[in-house]
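The structure appears below as structure tokens.
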Amino acid sequence: MGSPGCDCVGSTVHLPLMSFSDYPHSESALQAWEEEEDTKPPRGLISVPKHTVPERSLQGVFLPCFDMLLTENSSWLLKKSEAAPPVPPCKALEQCPVINSQGLGVPSGLEGQVEERCLEQVQSMVLGEVLKDIQTACKLLNITPDPMEWNCGNVQKWLLWTEHLYRLPQVGKVFQELSGKDLCSMTEEDFRQRSMQCGDLLYAHLDIWRSAACMKEPCTPGDNRLHGAEEADSSCSGQPIHLWQFLRELLLKPHNYGHCIRWLNKEKGIFKIEDSAYVSRLWGIRKNRPAMNYDKLSRSIRQYYKKGIIRKPDVSQRLVYQFVHPV
DNA sequence: TACCAGGAATAGG
DNA sequence: CCTATTCCTGGTA
1 MGSPGCDCVG STVHLPLMSF SDYPHSESAL QAWEEEEDTK PPRGLISVPK
51 HTVPERSLQG VFLPCFDMLL TENSSWLLKK SEAAPPVPPC KALEQCPVIN
101 SQGLGVPSGL EGQVEERCLE QVQSMVLGEV LKDIQTACKL LNITPDPMEW
151 NCGNVQKWLL WTEHLYRLPQ VGKVFQELSG KDLCSMTEED FRQRSMQCGD
201 LLYAHLDIWR SAACMKEPCT PGDNRLHGAE EADSSCSGQP IHLWQFLREL
251 LLKPHNYGHC IRWLNKEKGI FKIEDSAYVS RLWGIRKNRP AMNYDKLSRS
301 IRQYYKKGII RKPDVSQRLV YQFVHPV
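Shown next as structure tokens:
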């Protein structure tokens with residue numbers, strides 16, 4: 001229950017600066033993702049000094065563009081960084097929201113108080129986004145938010161996801177056989193030793209997750225408290241997820257995935273894959289299949305024809321399919 | 001060039 | 001055993 005890995009104090013957090021255009025969308029990006037060697041260091045890395053803060057707060061987490069899932073609701077973050085991409089780190093720091101409840105070097109005096117208010121608001125907004133993004137990622141990957149609970153497979157999925165997110169070269173092998181506990185016990189230096197290129201970024205990203213898990217601890221009995229309408233979740237059933245279930249899950253969250261898959265006619269179960277490469281990549285990450293592509297995903301969909309799960313709609317269109325039994 | 005259909009072999013739970 | 005993955009041939013827009 002308690003996470004001993006909660007020593008959320010001190011050291012330095014490195015986070016990437018990314019813009020929407022950096023996001024891996026094209027097939028060539030996928031190639032880069034698959035190919036082992038990419039000698040370029042992660043771009044836009046800056047480092048932010050952490051501040052000593054009380055437990056249970058995300059310390060000094062700086063998020064110019066924490067586009068975990070490219071959700072629409074976090075797009076304002078993207079816009080911000082898009083508007084002024086080549087900001088030198090120190091400038092960027094000034095403009096960017098910092099999550100940190102107290103202990104920040106906030107200016108004193110009246111102006112300071114006003115600023116502090118604003119800052120607090122921004123902080124809680126960003127914090128909300130971070131938690132939401134983590135939660136969404138957890139659903140997508142079918143892992144728990146607390147790294148301490150991860151098994152080796154979970155760790156690999158998380159790595160795959162993070163690599164995808166920040167366009168890192170594949171480092172899964174270097175972290176093989178490691179559980180979440182192992183991962184959490186590693187220092188930043190350990191990370192850097194395992195991966196020269198992106199050890200520190202991975203460490204920082206893990207730190208965010210760890211911190212988030214720290215804060216959320218009070219309300220995590222089984223953690224999968226489903227809100228609202230979305231229950232029919234395959235994630236907690238234990239069995240490996242089916243492709244059709246996965247697609248349905250994406251379709252149930254137009255807010256998050258509407259840009260890559262959406263209903264054309266929900267009543268009839270007709271949907272369109274808008275970004276085949278992206279959906280395939282998500283599927284590949286979920287199943288731990290880095291080589292997944294639309295060619296293979298679509299083959300799997302076609303297997304459903306015979307089984308009467310998915311079919312082509314009466315008027316066949318490219319990238320459009322239909323659930324035989326709509327909900 | 002990207003998508004579509006389906007056979008066949010194989011992997012993996 | 002079943003589903004999904006991988007690879008493939010050939011076809012369409």
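In full-length UniProt numbering, the protein residues as written are 1 to 327.
Cβ atoms here follow ideal geometry from the backbone N, Cα and C, with glycine treated the same way.
Output the boundary residues of the beta strand (DSSP E) element that contains residue i.
{"i": "I273", "result": "270-273"}
{"i": "L264", "result": "261-265"}
Under the three-state reduction of DSSP, which class applies to residue i: helix, strand or coil?
{"i": "V320", "result": "strand"}
{"i": "A92", "result": "Bear in mind that a pLDDT of 32 at A92, under 50, signals an unreliable position, so the model cannot answer this."}
{"i": "N293", "result": "coil"}
{"i": "N288", "result": "coil"}
{"i": "I301", "result": "helix"}
{"i": "P85", "result": "Confidence in P85 is poor, its pLDDT being 31 and thus under 50, which makes the residue's placement unreliable; the coordinate value appears in the next sentence. If DSSP states are grouped into helix, strand and coil, P85 belongs with coil."}
{"i": "L70", "result": "Confidence is the limiting factor: at L70 the pLDDT is only 38, short of 50, which leaves the residue's position unreliable, though a coordinate-based value still follows. Coil, per DSSP."}
{"i": "D314", "result": "coil"}
{"i": "M196", "result": "coil"}
{"i": "E177", "result": "coil"}
{"i": "Q170", "result": "coil"}
{"i": "Q123", "result": "helix"}
{"i": "Q135", "result": "helix"}
{"i": "R225", "result": "Only weak support exists for where R225 lies, its pLDDT of 36 falling under 50; the value from the coordinates is given anyway. It is coil, neither helix nor strand."}
So residue i is in the alpha helix (DSSP H); what residue range does that whole segment cover?
{"i": "G308", "result": "From DSSP, G308 is part of no alpha helix (DSSP H); its letter is neither H nor E."}
{"i": "Q245", "result": "243-251"}
{"i": "S185", "result": "180-185"}
{"i": "H325", "result": "It is not in any alpha helix (DSSP H) - H325 carries neither H nor E in the DSSP assignment."}
{"i": "P254", "result": "254-257"}
Contact defined as beta carbons within less than 8 Å: I believe residue i pairs with residue j. What is the distance between those atoms, to the nearest angstrom?
{"i": "S280", "j": "L264", "result": "So it is not a contact: roughly 19 Å between Cβ atoms."}
{"i": "residue 335", "j": "P145", "result": "The displayed coordinates of the chain run from 1 to 327. Any statement about residue 335 would go beyond what the structure contains."}
{"i": "L243", "j": "I261", "result": "About 12 Å separates the two Cβ atoms, so there is no contact after all."}
{"i": "P290", "j": "L160", "result": "6 Å"}
{"i": "V171", "j": "C198", "result": "6 Å"}
{"i": "Y294", "j": "S276", "result": "4 Å"}
Quick check: is any heavy atom of the ligand ZN less than 6 Å from the C-beta of residue i?
{"i": "K157", "result": "Among the components of this structure there are no ligands whatsoever, and the ligand ZN is therefore not found."}
Self-check item: Any beta strand (DSSP E) of 3 or more consecutive residues that is wholly inside the region 138-168
Solution: none
Quiz item: Does the region 123-133 come close enough to the region 182-196 that 3 or more CB-CB pairs lie under 8 Å?
Solution: no
Exercise. Assess, as a yes-or-no matter, whether the region 253-264 is touched by the region 297-308 under the definition of 3 or more beta carbon pairs within less than 8 Å.
Key: no
Exercise. Report yes or no: do three or more beta-carbon pairs, one from the region 152-162 and one from the region 172-179, lie closer than 8 Å?
Key: yes
Quiz item: How about the region 311-327 and the region 269-283: do they share at least three Cβ pairs that are nearer than 8 Å?
Solution: In this structure the region 311-327 lies against the region 269-283, because at least three pairs of beta carbons, one per stretch, are closer than 8 Å.
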